[in-house]
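To keep things clear, I will list the structure first and then write my remarks on it.
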Amino acid sequence: MNIGIGFDINHVDRSLIKQINILNIENPQYPGFLNCIDIESKNKIRELGFRGSIIVDGPYIDLNPGTPEPAIREVVRRKVLEAIDYAKSIDAKEIIFLSTYLPIIQVEFYDRGWIEGSIQFWKEITCREKVLRISLCNTFEYHPDHMIEIIEQVNEDNLGLALDIGHVLAYGKIGIDEWYERVEKYIHTLYIHSNERAGDLHMNIMEGQLLKDQGFMRIRHRMKEKNLILKPFHKNRLVENISTLKAFTTG
Numbered sequence: 046m047n048i049g050i051g052f053d054i055n056h057v058d059r060s061l062i063k064q065i066n067i068l069n070i071e072n073p074q075y076p077g078f079l080n081c082i083d084i085e086s087k088n089k090i091r092e093l094g095f096r097g098s099i100i101v102d103g104p105y106i107d108l109n110p111g112t113p114e115p116a117i118r119e120v121v122r123r124k125v126l127e128a129i130d131y132a133k134s135i136d137a138k139e140i141i142f143l144s145t146y147l148p149i150i151q152v153e154f155y156d157r158g159w160i161e162g163s164i165q166f167w168k169e170i171t172c173r174e175k176v177l178r179i180s181l182c183n184t185f186e187y188h189p190d191h192m193i194e195i196i197e198q199v200n201e202d203n204l205g206l207a208l209d210i211g212h213v214l215a216y217g218k219i220g221i222d223e224w225y226e227r228v229e230k231y232i233h234t235l236y237i238h239s240n241e242r243a244g245d246l247h248m249n250i251m252e253g254q255l256l257k258d259q260g261f262m263r264i265r266h267r268m269k270e271k272n273l274i275l276k277p278f279h280k281n282r283l284v285e286n287i288s289t290l291k292a293f294t295t296g
């Protein structure tokens, strides 16, 4: 079973390194990080002596790949390519970008424009980068249909989806099991954290509604074939998160 944890590279718990085989580097999500990458920041990862796989989070705050505005689109393109170059420089196997789609707008021309703009954007990105796995991850989506349409239309082997279980729990209008059924063949990685269905709290999996959710219960044995990355905001109970996830998926 491939289990990982999301970390800031400046605050990696070295005592947990031997208990995981995926290190999820969150820093490119932090605004400004990609503007000041230096050798020291890359050396911090090498100094950990981690021998598993590295998965990187891409930037997303204010960055919308489906934007119709050319000037903003160019900024998004630049930051996405910077993140991809960073991921490759630390030998990452996958980089995951949150979608930034806003379903609350509920206007058909916005949806179609965002989908078509995203298709064109990711075609341009995958034309440049054909090796590193690039995954689009649900954020506020009610369902995965738009994201599926995007990757099917782009149709590149290294472009797929990732699944954030906590976001489905918070914002999804369909069950976790139905969502998983629709995206299973497109995903390598799941982000796992709990929520209370009232905002994105990124709770420990022992808290909130996650382990009480019947849809999550129904996929627990199937998902263990994927990369499972724990993403709680608070890192004070990581050992318990790991042991709980292992017991849940194998029990």
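For reference, each letter of the sequence shown is one residue, going 46 to 296 in the working numbering.
Where is the CB? At the ideal position from N, CA and C, for every residue including glycine.
Just so we're clear, the structure is a prediction, and the values are computed from it rather than from any experiment.
Annotated as distal: M248 and T289, with beta-carbon spacing of 7 Å or more. In the structure shown, the three-state DSSP call for A243 is coil. A straight-line Cα-Cα distance of about 24 Å links E186 and H279.
A distance below 7 Å separates the beta carbons of L275 and I50. In the displayed model, H188 falls within coil according to three-state DSSP, outside both helix and strand. With respect to A215, N183 sits apart: the two C-beta atoms are not nearer than 7 Å.
The alpha-carbon of W159 is positioned some 22 Å away from that of E174.
Distance check between K87 and each of I70, Q74 and P76 places I70 closest, using alpha-carbon atoms only. Straight through space, the alpha carbons of W167 and E119 are spaced by roughly 13 Å.
Residues of the same chain with a CB within less than 7 Å of the CB of K138, apart from the 5 flanking positions on each side, are S98, I99, I100 and R178 in chain order. Counting of Cβ neighbours within 10 angstroms places H238 among the buried residues, the total reaching 16 or more. K124 counts as buried, since at least 16 other C-beta atoms from the protein chains shown sit within 10 angstroms of its C-beta. Secondary structure at L68: strand, using DSSP grouped into helix, strand and coil. For T234, the enclosing beta strand (DSSP E) begins and ends at I232 to I237. The Cβ-Cβ distance between G217 and S163 does not fall below 7 Å.
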